Amino acid sequence: MRRPDSHRFPFRPTLPALAAATLLIALVPVGATASAAPGGAGLEITSGPFAEADGHTHRDIDNRRGSAAPDARQRGLATRQDPSVRWNRLGTPHALGPAETPLAQGLPKNPEQTARQYLIENNDLFGLDEASVGAMKTVLVRDIGAGAVVTLQQVFGDLPAGHDGLVTVAVTNGTVLSVSSSLSRDTSAPAAATLTSEQAYAAALADAGLTAEQLTSHAVREVAVPTPLDGVRSAYEVTLIAAGTDEPAAFTTYVDGIDGTVLIREDLVDFDSDNPSWAVFPAAPRPGNPAPDNRERWCADAAPDCDSAYRDPASGQAWDIDLTTGEPTFTTSGNSAATVRAWGGGTPSIPATTSPDRTYEYAFTDQWHAARCNPEVFTSAQRNDDDAAMANLFAMHNRMHDWSYHLGFTEATWNLQAVNLTPEGLGGDAEQGRAQQGAISGNRNNANQGTPRDGLPPTTNMYLWQPVAGGPYPPCVDGDYDMTVIGHEYTHAITNRMIAGPNSGIGGHQGGSMGESWSDLLAAEYLFQNGLRAPGETPFVTGGYVTGNLVSGIRNYDLSRSPLNYSDVGYNTGGPAVHADGEIWGATNHRIRTAFVKRYGLGTPQIQLDCAQGRRDADECPGNRRWSQLVFDSFLLQAASQVSMLDMRDNMLTADLLRFGGANQELIWAEFARSGMGRDAVTNGAGDTDPTPSFASPHGRNAQVTLAGRGQSKDAAIRLYVGAYEARATPIADTDPATELGANFELVPGKYELLAVAPGFGHERFEVTARAGVPLKLNLALDRNLASIASGAVVSGDGLNLEQIADDTEATNWASRDGVAGRRITVDLAGNGPQLVSKVNVSAMLRPAITGDADAGSQNALSALRSFKVLACNGLLRDCTDQANFRTVYVSRSDAFPGGAYRPYTRDINLRSFTIFPTIATHVQIEVVDSQCTGGPHYAGEQDDDPRTQTDCATASPSRDQVRISEFQVFTK
């Protein structure tokens, strides 16, 4: 067994442990007793989980005219196969077999081929020619013992059959045992609908006797409905779920797309009382103090008072069924997930309070948030909403199981189930959810997933979130309600199981980085495809709820707004890190996803939902679903656990060849090239943190680019970077004859942000547009950095590593460790005599700790610069050794380096340019006003009511005395 990998979010502070507490929790099961009806011979169940809904009369109708009787030839053919044949209204056998002899033998061994060949060879019986059979959709191929059941669906023109049009064939080893069918002999394409979906919706409402105000939800999609005598009709399938009516009301109605008549109405209300339900936040709670209880009610079966209905796609059972017994567990345990509260601190791990009626709708008071992280909640009667948290985590794990099942994470690919219903995989490994992990022990601000080999249960730990002085500053919230985090952790199990077989998982820095990225991407994609939205400015923010940061959540960038590319591996403030470098793969895949959406569209919300729930094939789905399918396919193409981003690039391309016949090769290559993983990219394996980027596509007419210096920088050794970062990034070209890199490179067509850096010239950002086949000459006239030691500047002042503030690179930095406000660095500017100063570049970038360095202490993000002043002195007129002769020429905004909610991000402290009033000077100073710790409003003051901790950074954190600046550059223009 390989060591279970623990995939964590950044930061894992531990609060001081609480004194031992004894919790006495009484779990008293409450149930109803069924008794014999007075005076009756039978048993009347009047209450409890098996009570029937009284007084409900089904309102099913089928308005299609007549029946299509089989002709004599059909009858004779059917009778030879099975004398007891029964016929449907559409003129084909309703049921054939099982009979004394098989219906057919000697067919292809593949189950689906058996079924299709049987239909083709029985064209005279079913009325389906080879083309019609070939067009049928595969609904199900499921092994049962030595045989299989195959279900196929008719397609009429471009429309799938909505009602009827199905055939189920039981086969074994090329033999057909039985057939059940609602097939239509008429296979023609219907006339196009002339009504709109809105008109069909109105007709269905009128037919049901409902108003739009009475509905909790509705859905409309275009289908085909075969009729016995009037041919195949274009129709709309309209599903209505109502609330507030005198009795339950839910219908699926098929409305004729041309004349608006109701062809069929199906009453969906059967027996609602034996229908387990869960109260859940589908994505995350809404903001509030306390958060409003806007949970939805999810049920196993559709019902008027249920917002959504879900069953396990593998078993067809409700989530709380124990498949070893076939009975409900009455708590947060089932075939795909088992969830407990895991507070630690000597308390037992327990499942949710037993619910004999299977109504897992526990009270939610948002106690942790309302109490501002006060640990008294753990001994309160509400127990920190632990039941609600467990129910939510349990439901979300089941949803990830079900969604990923339709994308290929099944028993055959080593998914997470206690009991496998097919011979593939080992089973015995349902996801183990641990809600409020370590709550009493003081573990906070984390989430992790451990995934052992197939057959051993993986575990997700979800934590409470709480501000920590000098660490992250999240709100007091429970991670068990944030689906972007839950989905992230579950996806680690998916990738570790599907990549390199069931026993290996993912290895190497680039592999681990992609693991984090896939988790962010697929958690967001699950929500998107299911029409859900987590807190965040866009749908692609991970951890917006738990961090309180709606711009980028827990990451440096929102997936959809990231400038990162393959040259940026290692860009983060602390150097290479799987979470930060994973954002490179995330940005790349979002670009590919966007290109797929541009080509194939997003479809309608109903189409998205149909695809998410496996009701459409990938090649019938919108672009985002096609992309996610290729991602899952690519996992299975990777045999080695040590995997690089270029390996997975190639797997994505191969997956497209397999699934879509290579229809998207140029598109995929173009986006990989724009992300630095183009034709000539090179890596030294999965552990490489300094790969060679390439922005050229083998398919596109790339722009040939030449870099050169001119003016003052004509002979400078200019390094050119694609993207926003220089420190620890890899340049794409340079003008230094001492290197092998060279000044020529290629760009696939598109817009690029470029960064030019040179000793003595600092940093300059600019944008270019590369056009197909058009040469591009970058003749850069860089302005001299008057504060650069390479230009002759001299640095003095407070703190450590003085010259590192003037060395033209963000890979090093100056530090003060004995105070913040008022710390100054003075630069005697390069040149002979006074200089005109009009602009400064400043960077607060951090760097990894260096052993033996005078500043070997940790580079905490809260010690980065936040605001500053610039002072100047003209030595031609005054003595610049006297501080009194310096005057302030610029005062930055208080958020010059903003540092948002939760923590300062790498994007916040990267190099920025500031225009100052033109000033003549020989000496320029930068003076610290505030660090992130001392000046950031998000990190100031007491932010919780936990008596064990203090949260004010400026008084309770070692960062209060530390500040760092990476670069101070001064320019004439």
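Numbering follows the numbering used here, with no gaps: position 792 of the sequence shown is 824.
For glycine and all other residues, C-beta sits at the position ideal for the given N, C-alpha and C.
Fair warning: this is a prediction, and the values are worked out from it, not measured in the lab.
- In the DSSP annotation of this structure, the continuous segment of the beta strand (DSSP E) that includes S870 starts and ends at Q867 to S875.
- Between T954 and N917, the gap from beta carbon to beta carbon reaches 8 Å or more.
- In terms of Cβ geometry, V517 and G575 form a close pair [threshold 8 Å].
- A buried status is given to N154, since no fewer than 16 other beta-carbon atoms sit within 10 Å of its beta-carbon.
- As the crow flies, the alpha-carbon of G108 is around 10 Å from that of D114.
- Bridge pairing for E799: E785 [DSSP].
- Per DSSP, N416 lies in no alpha helix (DSSP H) and is assigned neither H nor E.
- Counting along the chain, the unbroken alpha helix (DSSP H) around G108 starts and ends at A104 to Q113.
- Judged by their CB atoms, V208 and T146 are nearer to each other than the 8 Å cut-off.
- Close CB contacts of G487 within its chain, under the 6 Å cut and outside five residues either way in sequence, are with L458, G460 and D461 (chain order).
- Sequence-distant Cβ neighbours of V451 in its own chain, meaning closer than 7 Å and more than five residues away, are L355, T356, N367 and G459.
- Here N493 carries a strand assignment [DSSP, helix/strand/coil].
- In this structure, DSSP gives F929 a state outside helix and strand, which the three-state scheme calls coil.
- Beta-carbon to beta-carbon, G602 and T721 are separated by about 5 Å, close enough to satisfy the 8 Å threshold.
- Contact between L242 and L122 does not hold, since the beta-carbon distance rounds to 30 Å and is not under 8 Å.
- Between R681 and P608, the alpha-carbon positions lie close to 20 Å from each other.
- Per DSSP, T379 lies in no beta strand (DSSP E) segment and is marked neither H nor E.
- Between R691 and the set I948, A650 and V173, the nearest pair of CA atoms involves A650.
- In the structure shown, D688 falls within a helical segment according to DSSP collapsed to helix, strand and coil.
- Taking A101 as the centre and dropping the five residues before and after it, the same chain places the C-beta of G123 closer than 7 Å to its C-beta, in chain order.
- For P950, the enclosing beta strand (DSSP E) starts and ends at R944 to A953.
- Look at the region 213 to 252 and you find these whole runs of alpha helix (DSSP H), each 4 residues long or longer: 229 to 240.
- The continuous stretches of beta strand (DSSP E) do not include E456, and DSSP gives it neither H nor E.
- Taking all protein chains shown into account, I952 has fewer than 16 neighbouring C-beta atoms within 10 Å of its C-beta and is therefore exposed.
- By the criterion of a C-beta distance shorter than 8 Å, Q414 is surrounded in its chain by A395, T397 and Q399, once the five residues flanking it on both sides are discounted.
- Close CB contacts of A235 within its chain, under the 6 Å cut and outside five residues either way in sequence, are with V287 and G292 (chain order).
- S592 places its beta carbon less than 8 Å from that of H622.
- A distance below 7 Å between beta-carbons, with the five flanking residues on each side excluded, links S823 to the following residues of its chain, in chain order: G792, R816, N817 and A862.
- In this structure, V312 lies near A427, with their beta-carbon atoms less than 8 Å apart.
- Within the model, the alpha-carbon separation for P637 versus M515 is close to 20 Å.
- Per DSSP, H622 is one residue of the alpha helix (DSSP H) stretching across V610 to Y632.
- Y342 and P308 have their C-alpha atoms spaced approximately 10 Å apart.
- One alpha carbon belongs to T491, the other to R733, and they sit about 48 Å apart.
- Looking at V1002, R297, Q957 and L439, the one whose alpha-carbon comes closest to that of A904 is Q957.
- C965 carries a helical assignment under DSSP once its states are collapsed to helix, strand and coil.
- Apart from sequence neighbours up to five positions away, the residues of its chain that approach E758 with a beta-carbon distance below 7 Å are L787, V789, H795, T841 and E842, ordered along the chain.
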